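Participant: My structure is below; once you've seen it, I'll send some questions.
Protein chains: 2
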Amino acid sequence: MPAPLTEERDRLDRAALLDAAERLFYERGIQAVGMDEVRAASALSLKRIYRFFPGKEDLVVAMLRRRDQRWRDSLATFVERISDPRERVLAVFDWLAEWFAEPGFRGCAWINAHGELGSASAAVLAEVRSHKQAFHDQLAEWVRATGVAVVEPVFLLVEGAVVTAGISGDPSPARHARTAAAALLGTP
Amino acid sequence: MPAPLTEERDRLDRAALLDAAERLFYERGIQAVGMDEVRAASALSLKRIYRFFPGKEDLVVAMLRRRDQRWRDSLATFVERISDPRERVLAVFDWLAEWFAEPGFRGCAWINAHGELGSASAAVLAEVRSHKQAFHDQLAEWVRATGVAVVEPVFLLVEGAVVTAGISGDPSPARHARTAAAALLGTP
DNA sequence: ATCGATGGAGAACGCACGTTCTCAACACTT
DNA sequence: AAGTGTTGAGAACGTGCGTTCTCCATCGAT
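In order, the protein sequences belong to chains E and H.
Per the UniProt record's numbering, the very first residue in the first sequence carries number 1; after that it's consecutive.
Per the UniProt record's numbering, the very first residue in the second sequence carries number 1; after that it's consecutive.
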């Protein structure tokens, strides 16, 4: 019964493939990275890659979906250690500050994918919208718990900070957005 | 002395070329549009196009630069009709609301270009940063005139609104950002 | 009217991409 | 141990890109 062995290998290869794709696509853009480069970075054969995903678009969507899980889990884990609702919302911006300062930070993978493929690939567009909606809803819960009706402004501050830090390469938008969010939430 | 005639024709052709490039690149993305399509839309010969710009990258940069002029002029003309400093800043968001509602609105051309070419083309990256800096400085003047130190938050609200409206296709971020900006500026 | 240069149209080129195919090596069955 | 199906590695294929080249029409000068 060797089936479990190949299943385990599939799992690992699939993860290696998505790791390689995510890193390359985020670093250099999706269209700028060829499937052959993904093959080299993942140490898989092209045939095996196309067995996992029938086309590049499917790989991109799967990569975005898995990144969405990781990204939102990481954020939630970080902010939900803080129990005070107001401080919890402000912690979102602390998490952003850490993210912006990471080497290789290049802005939001979904916004970048949207700029690149939003008009060419309906599947990618749907994935981008799905991520933004999911993040919005997650954030909305945290903001609503403060009792102050500022969900939309706080969301827009986050998006503005991510975009601005991504383009300028400067992490200070996280600080500015945090200060503004604190003002909108009012003095405690 | 026929020189003025060819100079005038150059001016017109160059404008037609940049018009066509701007429309196509904004609608469908830069990498998704080939030079042959730009040729067809501009009704120029490929040879003539390459006489104006030695490569596609130069055309993209020139297109972004001209769009920057038009975009910021349009915004400035709109908001500078309003003399009250506070209302002038809020008018920025009214201008955004009109822009977002335009048919074919697809977010910020510079953010999209950054997502597509920011890591591949230093010239495009520089042009994107230059535009964002220029807009930031323009906005900073208007905000400073209110006497309230909220330049950065207002800037981030604008960026967040543009990105969110571009992805979702919904113009309401302009309203939400306006409300938040009014709150940050304080009650008059 | 003829010559020569200029410029237009688009065919042609080289390259790189996404995808598919070939074929040899291997593992598992009888 | 021989056969058979499956897999891996990468060559091959078709397409479409950015760019250059070829040819021919046009037009001003002599």
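Glycine is no exception: its CB is placed at the ideal position from the N, C-alpha and C atoms.
Computed from a predicted structure; not experimentally measured.
1. Quick one: using the 10 Å Cβ neighbour count with 16 as the cut-off for buried, is Ser160 (chain E) buried or exposed?
2. Can you give, in chain order, each stretch of the alpha helix (DSSP H) that sits fully within the segment 48-111 of chain H and has at least 4 residues?
3. Quick one: grab the DSSP three-state call for Gln31 (chain E).
4. Let's see if you can read the secondary structure: which residues bound the alpha helix (DSSP H) around Pro153 (chain H)?
5. Starting from Ala182 (chain H), find everything on chain E with Cβ-Cβ shorter than 9 Å and list it in chain order.
6. Can you find the residues in the same chain that come closer than 7 Å, C-beta to C-beta, to Ala20 (chain H), ignoring five residues on each side of it along the sequence?
7. Where does Ala145 (chain E) fall in DSSP's three states?
8. Are the segment 75-91 of chain E and the segment 136-152 of chain E touching, with three or more C-beta to C-beta distances below 8 Å?
9. Tell me whether the beta-carbon of Phe78 (chain E) lies closer than 7 Å to the beta-carbon of Arg178 (chain E).
10. Starting from Glu181 (chain E) and walking both ways along the alpha helix (DSSP H), at which residues does that stretch end?
11. In chain order, what residues of the same chain lie with their CB nearer than 6 Å to the CB of Leu125 (chain H), ignoring the 5 residues before and after it?
12. Could you tell me the alpha carbon to alpha carbon distance between Ala182 (chain E) and Arg11 (chain E), rounded to whole angstroms?
13. On the criterion of 16 or more Cβ atoms from any shown chain inside 10 Å, does residue 223 (chain H) qualify as buried, or is it exposed?
14. Count the other CB atoms, across all protein chains shown, that sit within 10 Å of the CB of Ser74 (chain H); report buried if there are 16 or more and exposed otherwise.
15. Kindly give me the distance between the Cβ atoms of Glu116 (chain H) and Gly29 (chain E), rounded to whole angstroms, as I take these residues to be in contact under 8 Å.
16. What three-state label does DSSP hand Leu17 (chain H) in the structure shown?
17. Within a Cβ cutoff of 8 Å, which residues of the same chain sit near Ala134 (chain E), ignoring the five residues on either side of it in sequence?
18. When the cut-off is 7 Å and only beta carbons count, does Pro4 (chain H) lie next to chain E?
19. Counting only Cβ pairs nearer than 7 Å, list the residues of chain H close to Ala161 (chain E).
20. Once you ignore the five residues that flank Met1 (chain E) on each side, which residues in its own chain have a CB closer than 6 Å to its CB?
21. Name the chain H residues whose beta carbon is nearer than 8 Å to that of Ile111 (chain E)?
22. Just to confirm my understanding: we take Leu59 (chain E), look at its own chain, exclude 5 residues before and 5 after, and list those with CB closer than 7 Å. What are they?
23. What residues in the segment 116-134 of chain H bring their beta carbon closer than 9 Å to a beta carbon of chain E?
24. If you draw a straight line from the alpha carbon of Met35 (chain E) to that of Ala76 (chain H), how long is it in whole angstroms?
25. Starting from the Cα of Glu127 (chain E), find the closest Cα among E:Glu57, E:Leu156 and E:Ala32 and give me that residue.
26. Put Ser121 (chain H) into one of helix, strand or coil per three-state DSSP.
Facilitator: In brief:
1. According to the sequence as given, residue 160 (chain E) is Gly; it is not Ser. Gly160 (chain E) comes out buried.
2. 56-79 and 85-101
3. coil
4. Val151 to Ser168
5. Per Cβ cutoff of 9 Å: no residues; Ala182 (chain H) is ~10 Å from chain E at best.
6. Val38, Ala41 and Ser42
7. coil
8. yes
9. no
10. Note that residue 181 (chain E) is Ala in the sequence shown, not Glu. First-last of the alpha helix (DSSP H) with Ala181 (chain E): Ser172 to Leu185.
11. Gly118
12. 43 Å
13. This structure gives no information on residue 223 (chain H), because the portion of chain H shown stretches from 1 to 188.
14. exposed
15. 6 Å
16. helix
17. Asp68 and Arg72
18. Any reading at Pro4 (chain H) needs caution, since the residue's pLDDT is 47, under 50, leaving its predicted position unreliable; the model's value is listed next. It does not; no Cβ of chain E falls within 7 Å.
19. Leu156
20. Model confidence at Met1 (chain E) stands at a pLDDT of 34, short of 50, so the residue's coordinates are unreliable; what they give is reported in the following sentence. Contacts found: none.
21. Ile111, Gly115, Val163 and Ile167
22. Ala21 and Phe53
23. Glu116, Leu117, Gly118, Ser119, Ala120, Leu125, Val128, Arg129, Lys132 and Gln133
24. 45 Å
25. E:Glu57
26. coil
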